[in-house]
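Residue numbers (my numbering), protein chains in the order written: chain F, 1 to 566; chain W, 1001 to 1114.
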């Protein structure tokens, strides 16, 4: 009797999990698909940047000399008009024409960056929050300091990467909150999926494409979910961690402002790194000598390395200091081993101690996700993990639709039809949109004003077209058949991917023979990936056509009675 | 230890060992043994295959540790296991008998028995 009731409880628990998995997965699967797909592309964000901005196709450069390159570039920087306008409501009175009180100047680079990103924060007179800085950023060629035009869009790090974590919905950080919530839901979907899947290990190698219908879709869903389970779990988890560190835990900043300020001051006093300007002007000692000294100290610790991050705080003030951080190329970390110098004299203030165990875990977890390390194999394995996640979600959609569409057809419901059209848009439509921005990037004239905005519009226009197309072609789903839009959009992917490769060749002269011959893998890699995409999409379209023909000729009865799942 | 070519060979070896390890683990399972040989491996063979599989996966981890800092090596290993599992699953789906090459002695014995 007891075992019987246990069984009943087990059954209903499993059913509850199935309900959760199905509906949460369906609703937020659309967001997760974008997070996975654009996350996979972001693994090679710098390489997409090279492809999209041909003037930056040269070898990665080390951090350049401060005196020769960085100082003149920093001195040229000023916030954009948009940044000034955005700040205006948070200031009493007028905004100044120029910002001269520098809060911080910094430069960031990795082993994959030919160009160097610069950031400058300025104090704003009469700001309602005196600690709030106004920011400017710039990208320069570190060999001679030439700035890149502001409106050339870095398609990888400036578009695919923000798509991955914010869907580029910047209004009140809405996109970041949606993606963060989806990461939480994904953890729930993973756990419920594991609970539902009774033969997790027994079926780990199971994929039966010959079985057709629902069985093969479910196999692929389980396979891609289970083999990459550690990847899915850790990326959802660490993504959530990065999100919460940035948007949830800074209650100190938003709710406990006074306490936060006090803590910052105490910490600054303990570290010897001033929190505020002294208000006394002071000169700047030789920054290049400080950098050289920092590199000597890393070498003495047995971890010689390159500079990843250089920061000048309170520039021109007696409290000013210079921090030099080592690039985390050979570690699962972004940067580290910071060494700090007094700006006016160049004397050493402090060397950051070895991280505490907790600090090390935090560093590992964020470094694992943000991956600024040098390891090409691991990069590709991350792409594989991301794509497996995308396949897992896509097959989840297909399973949802396939399971219901005949029943819906009988009842005259349009539910499966709508979900199917959305699934087409999210799966093939997303690939098309990503290809659309690459094609637009190569087609638009170089001197077009606000060129980057037009590239973004092309992305959204292609995606919207994919939605319209999927909707218009979805009528067969309501009759229990499959949507021809899947097949047609696969062919569109083939066309756009080949067009992107051809346009890169025509507009820059960099065809594959040349880029591979010269060993310039950032561009050759993107081109090869585009060709591979075309090949996979072509093969899929062919297989879909074969299946559609077979389905039309086969009696419906043979495709019944497959699985009872979800 | 991160010297270009040498590290590359070690990582290639780690990937191959992962694939072989996952292949042996799959062959030890009744359903996949049937796909490859038409009948599952005997109890003794299955035990041997599981042992081989587990040691191969451990060897792959060691190879990864030889190349990279431990924090990175663990990630490479876990991801290589995922890649290997997908490869083995797809091989079983379309070219199951290829996996038999990982354990030629099993087929020989099955041939004698049949």
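Note that CB positions come from ideal geometry on N, CA and C, so glycine has one too.
Next on the checklist: Looking at chain F, is there any beta carbon in it that lies within less than 8 Å of the beta carbon of residue 1055 of chain W?
Outcome noted: no
Item to check | Residues near residue 971 of chain W by beta carbon distance below 6 Å, same chain, minus five either side | outcome: Outside the modelled stretch of chain W, which goes from 1001 to 1114, sits residue 971 of chain W, for which no answer is possible.
Item to check | Residues that DSSP places opposite residue 351 of chain F in a beta bridge | outcome: F/339
Checklist entry - So with Cβ pairs under 8 Å, would you call residue 227 of chain F a contact of chain W? => result Answer yes: the Cβ-Cβ gap between residue 227 of chain F and chain W drops below 8 Å somewhere.
Checklist entry - So with Cβ pairs under 8 Å, would you call residue 562 of chain F a contact of chain W? => result The predicted position of residue 562 of chain F is uncertain, since its pLDDT is 41 and thus under 50; no value can be drawn from it.
Next on the checklist: For a cutoff of 8 Å on Cβ pairs, would you count residue 994 of chain W as touching chain F?
Outcome noted: Chain W is shown from 1001 up to 1114; residue 994 of chain W falls before or after that span and cannot be answered.
Checklist entry - By how many angstroms is the C-alpha of residue 41 of chain F removed from the C-alpha of residue 456 of chain F? => result 16 Å
Next on the checklist: Rounding to the nearest angstrom, what Cα-Cα distance links residue 396 of chain F and residue 405 of chain F in this structure?
Outcome noted: 14 Å
Item to check | First and last residue of the uninterrupted alpha helix (DSSP H) at residue 471 of chain F | outcome: Counting along the chain, the alpha helix (DSSP H) containing residue 471 of chain F begins and ends at 451 to 472.
Next on the checklist: Here's a check: name, in chain order, each residue in its chain whose Cβ is nearer than 8 Å to the Cβ of residue 1050 of chain W, leaving out the five neighbours to either side.
Outcome noted: 1024, 1025, 1028
Next on the checklist: Using 8 Å for Cβ pairs, my map puts residue 466 of chain F next to residue 437 of chain F. What's the rounded Cβ distance?
Outcome noted: Incorrect: roughly 13 Å between the Cβ atoms, too far for contact.
Item to check | Residues of the stretch 321 to 342 of chain F whose Cβ lies closer than 7 Å to any Cβ of chain W, in chain order | outcome: 330, 331, 332
Item to check | Residues of the stretch 1007 to 1023 of chain W with Cβ closer than 7 Å to any Cβ of chain F, in chain order | outcome: Listed by position along the chain: 1011.
Checklist entry - Can residue 497 of chain F and residue 533 of chain F be called in contact, C-beta distance under 8 Å? => result Result yes, Cβ atoms of residue 497 of chain F and residue 533 of chain F sit closer than 8 Å.
Checklist entry - Should residue 399 of chain F be labelled buried (16 or more other beta-carbon atoms within 10 Å of its own) or exposed? => result buried
Next on the checklist: In whole angstroms, give me the CA-to-CA distance for residue 277 of chain F and residue 79 of chain F.
Outcome noted: As the crow flies, the alpha-carbon of residue 277 of chain F is around 21 Å from that of residue 79 of chain F.
Checklist entry - Using a Cβ-Cβ cut-off of 7 Å (strictly less than) and excluding sequence neighbours within five positions of residue 251 of chain F, which residues of its own chain qualify? => result In this prediction, residue 251 of chain F scores a pLDDT of 46, lower than 50, which makes its location untrustworthy; the coordinate-derived value is nonetheless stated afterwards. So no residue of the chain qualifies.
Checklist entry - Near residue 88 of chain F, what residues of its chain come up, given a Cβ to Cβ distance below 8 Å and the 5 sequence neighbours on each side ignored? => result 95
Checklist entry - Do we get a CB-CB distance below 8 Å when we pair residue 1002 of chain W with the residues of chain F? => result Below a pLDDT of 50, predicted positions are generally treated as unreliable, and residue 1002 of chain W, at 47, falls in that range; the measurement from the model is reported next regardless. With 8 Å as the cut-off, residue 1002 of chain W counts as an interface residue toward chain F.
Item to check | Runs of beta strand (DSSP E) lying entirely within the stretch 101 to 189 of chain F, each at least 3 residues, in chain order | outcome: With a minimum length of 3 residues, the unbroken runs of beta strand (DSSP E) contained wholly in the stretch 101 to 189 of chain F fall at 102 to 108, 116 to 123, 133 to 140.
Item to check | residue 36 of chain F: contacting residues in chain W (beta-carbon distance under 7 Å) | outcome: Going along chain W, no residue has its Cβ under 7 Å from residue 36 of chain F, so there is no contact; the nearest lies around 14 Å.
Checklist entry - What residues are listed by DSSP as bridge partners for residue 313 of chain F? => result F/104, F/321
Item to check | Closer than 8 Å to chain W by CB, residue 297 of chain F | outcome: no
Checklist entry - Given residue 1076 of chain W, which residues of its chain have a CB within under 6 Å of its CB, disregarding the five upstream and five downstream residues? => result 1064
Checklist entry - If the cut is a Cβ gap below 8 Å, which residues of chain F does residue 1097 of chain W touch? => result Result: empty, since nearest Cβ-Cβ is about 15 Å, beyond 8 Å.
Checklist entry - Per DSSP, which one or two residues make a beta bridge with residue 1040 of chain W? => result For residue 1040 of chain W, which the question treats as bridged, DSSP gives no partner whatsoever.
Next on the checklist: If contact is defined by three or more beta carbon pairs under 8 Å, each pair taking one atom from either stretch, is the stretch 324 to 340 of chain F in contact with the stretch 116 to 123 of chain F?
Outcome noted: The stretch 116 to 123 of chain F is not in contact with the stretch 324 to 340 of chain F.
Checklist entry - With a cut-off of 8 Å, does the C-beta of residue 1101 of chain W fall near any C-beta of chain F? => result Under the Cβ criterion of 8 Å, residue 1101 of chain W is not counted among the residues facing chain F.
Next on the checklist: Using the Cβ count rule (16 or more neighbours within 10 Å means buried), how would you classify residue 1006 of chain W?
Outcome noted: exposed
Checklist entry - Using the beta-carbon count (16 or more within 10 Å), is residue 513 of chain F buried or exposed? => result exposed
Next on the checklist: In the DSSP assignment, the alpha helix (DSSP H) including residue 295 of chain F goes from what residue to what residue?
Outcome noted: For residue 295 of chain F, the enclosing alpha helix (DSSP H) stretches over residues 287 to 300.
Next on the checklist: Does residue 252 of chain F come out as helix, strand or coil in the three-state DSSP assignment?
Outcome noted: Low confidence applies to residue 252 of chain F: its pLDDT is 45, below 50, so where it sits in the model is not reliable, and the reading given next is rough at best. Reduced to three states, the DSSP call for residue 252 of chain F is helix.
Checklist entry - Among F/387, F/511, F/33, which residue has its Cα nearest to the Cα of residue 228 of chain F? => result Closest in C-alpha terms to residue 228 of chain F, from the list F/387, F/511, F/33, comes F/387.
Checklist entry - At least one CB of chain F closer than 8 Å to the CB of residue 1036 of chain W: is that the case? => result no
Checklist entry - Can you tell me whether residue 1040 of chain W is buried or exposed, with buried defined as 16 or more other CB within 10 angstroms of its CB? => result buried
Next on the checklist: Please list, in chain order, the chain W residues whose beta carbon lies closer than 7 Å to that of residue 359 of chain F.
Outcome noted: Here the premise fails: no neighbours, minimum Cβ distance about 13 Å.
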